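Residue numbers for the sequence shown follow our numbering, so the first one is 2 and each next one is one higher. Just so you know, even glycine gets a beta-carbon here, dropped at the ideal spot from N, CA and C. Since the model is a prediction, treat every value here as computed from it, not as a measurement. Notes to accompany the following structure.
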Amino acid sequence: MSKPILFSGIQPTGNLHIGNYLGAVKNWVTLQNSGEYDCFFSVVDYHSLTGNMTAEERREQITRTVIELLAAGIDPEKSTLFVQSHVPEHTELAWIFNSLTPMAELERMTQYKDKSTQ
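Right under this line is the structure:
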């Protein structure tokens, strides 16, 4: 029987801090090490495109985020760690979901409301 899939991601918008570690990364490492899940962790760089960074700064942040996740205990032998923009199927799937999601549904989502007012 296959394991449940665990997927999560982090934006490469700055150095990882204690809030990132306690709020997400520490849990990722614990779940990864439990052996109960097939873990997939992503540096969601497309999500960071709305930030104010140059292309070079974004590349540096992506590299730094990967290094920091590895240093925090994400183990490529136990989990899949990838950069969102390196997986074209991720963008293809987003296109399909965007085409199927009515505006009324988006307007009920708190994340969409927060981003649309910025």
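By the 16-neighbour rule on beta-carbons within 10 angstroms, W96 is exposed. Non-local C-beta neighbours of Q62 in its own chain, meaning closer than 6 Å and more than five positions away in sequence, comprise P13, ordered along the chain.
The stretch 18-63 is shown to contain whole beta strand (DSSP E) runs of 3 or more residues at 39-44, in chain order. For S80, the enclosing beta strand (DSSP E) covers residues S80 to V84. In this structure the stretch 98-112 does not touch the stretch 46-56; the number of beta carbon pairs closer than 8 Å is below three. By alpha-carbon distance to L82, the top candidate from G10, M2, L94 and I6 is G10. Between the alpha carbons of F42 and E69 lies a distance of about 13 Å.
Contact annotation: V44 and T66 have beta-carbon atoms nearer than 8 Å.
Secondary structure note for S100: it is in no beta strand (DSSP E), and the uninterrupted alpha helix (DSSP H) holding it is P89 to L101.
Sequence-distant partners of Y113 (beyond 5 residues in either direction) whose C-beta falls short of 6 Å from its own C-beta, in its chain, are L107. In the DSSP annotation of this structure, the continuous segment of the beta strand (DSSP E) that includes S9 starts and ends at I6 to I11.
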